[in-house]
Ligand code: SF4
């Protein structure tokens with residue numbers, strides 16, 4: 381069975397025990413369950429479970445991934461994928477999207493929710509791409525963050541999927557699973573989680589790793605009812621080990 385002690389890893393419990401009663405005890409002991417030595421096993425298992433680490437948003441042009449990511453806020457990728465064909469049928473080019481009437485775009489993206497603000501951002505984003513970047517999606521974090529409606533999550537998605545650059549997409553699945561598995565400890569802030577994961581993950585694996593976390597979150601580790609008993613990560617997952625102590629992982 382996987383044992384963090386054999387990898388030189390201190391669990392949060394052990395760390396607390398070491399400092400108990402010590403005058404120099406830090407006020408907060410925040411030690412994640414997993415570390416650089418144990419992460420490769422997690423990566424390998426996720427790769428075996430989900431050989432194809434694919435983005436679940438449909439797109440053919442890079443700018444369409446920016447549009448899809450904006451629409452995906454507070455919405456499922458599935459619904460976005462059902463919505464975008466009509467949008468691109470009405471506005472088949474970046475130029476036509478930039479010239480579109482915002483209310484017409486809003487009507488088309490209505491199923492995705494928050495349709496007025498999403499439509500405003502999409503049309504503004506298309507204009508910015510044309511005026512500031514010659515109609516192409518830029519390839520740096522700083523440039524991507526200048527696009528209306530684009531935050532670090534979307535920028536990382538573009539960097540990883542369009543440019544193949546090292547990236548860490550911190551979405552709701554990533555936040556939930558990173559905490560449960562023990563990649564981070566009691567962290568909710570996406571930027572802090574991104575920083576922590578960048579330290580743990582090899583650069584060439586980080587983008588696909590995040591896609592696989594999403595896939596595992598959807599398949600097994602749901603927000604309300606994680607199915608730890610069926611999970612192949614159970615013996616290397618902090619929450620799984622606490623939920624079902626001593627049980628071997630499902631092979
Ligand atoms: S063991 Fe449970 S908490 Fe851990 S990843 Fe699997 S389903 Fe999620």
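In the working numbering, the protein residues as written are 381 to 631.
We put the beta carbon where it would ideally sit given N, CA and C, even for glycine.
For residue 505 and residue 466, the rounded distance between their alpha carbons: Going from the Cα of residue 466 to the Cα of residue 505 covers about 19 Å.
Residues that DSSP places opposite residue 606 in a beta bridge: Looking at the DSSP output, residue 606 bridges to 601.
Buried or exposed by the 16-neighbour rule on C-beta atoms within 10 Å, applied to residue 484: Under this definition residue 484 is an exposed residue.
Length at least 4, wholly inside the region 513-591: the alpha helix (DSSP H) runs in chain order: Counting only runs of 4 or more, we get 521-524, 532-541, 552-561, 570-580.
Span separating the alpha-carbon of residue 441 from that of residue 542: About 9 Å.
Neighbourhood of residue 486 by C-beta, 7 Å cutoff - its chain only, sequence neighbours within 5 removed: Taken in chain order, the residues that qualify are 495, 496, 499.
As assigned by DSSP and simplified to three states, the class of residue 453: Here residue 453 sits in coil by DSSP.
Alpha-carbon to alpha-carbon, residue 525 and residue 532: The straight-line gap separating the alpha-carbon atoms of residue 532 and residue 525 is approximately 7 Å.
Distance between beta carbons of residue 621 and residue 615, contact taken as under 8 Å: That pair is a contact at about 7 Å.
Sequence-distant residues of the same chain with beta carbon closer than 6 Å to residue 577, five excluded per side: If the five residues before and after residue 577 are omitted, its C-beta is found closer than 6 Å to the C-beta atoms of 548, all from its own chain and listed in chain order.
Heavy atoms of the ligand SF4 versus C-beta positions, residues under 7 Å: So the residues near the ligand SF4 by this Cβ test are 557, 560, 561, 596, 600, 601, 606, 607, 608, 611, 613, 614, 617, 619, 620, 623.
Beta-carbon proximity list for residue 492, same chain, < 7 Å, skipping 5 on both sides: These residues qualify, in order along the chain: 451, 455, 459, 460, 463, 498.
Contact set for residue 550: own chain, Cβ-Cβ below 7 Å, skip 5 residues either direction: Hits under 7 Å: 533, 570, 573, 574.
Nearest-angstrom Cα separation, counted from residue 587 out to residue 536: Near 8 Å, if we compare the C-alpha coordinates of residue 587 and residue 536.
Option nearest residue 591 by Cα separation, candidates 420, 604, 412, 433: Of 420, 604, 412, 433, the residue nearest in Cα terms is 433.
Pair within 9 Å by beta-carbon distance, residue 553 and residue 598: In this structure, residue 553 sits near residue 598, with a CB-CB distance shorter than 9 Å.
Alpha carbon of residue 540 to alpha carbon of residue 546, nearest angstrom: Spanning the two alpha carbons is a distance of roughly 6 Å.
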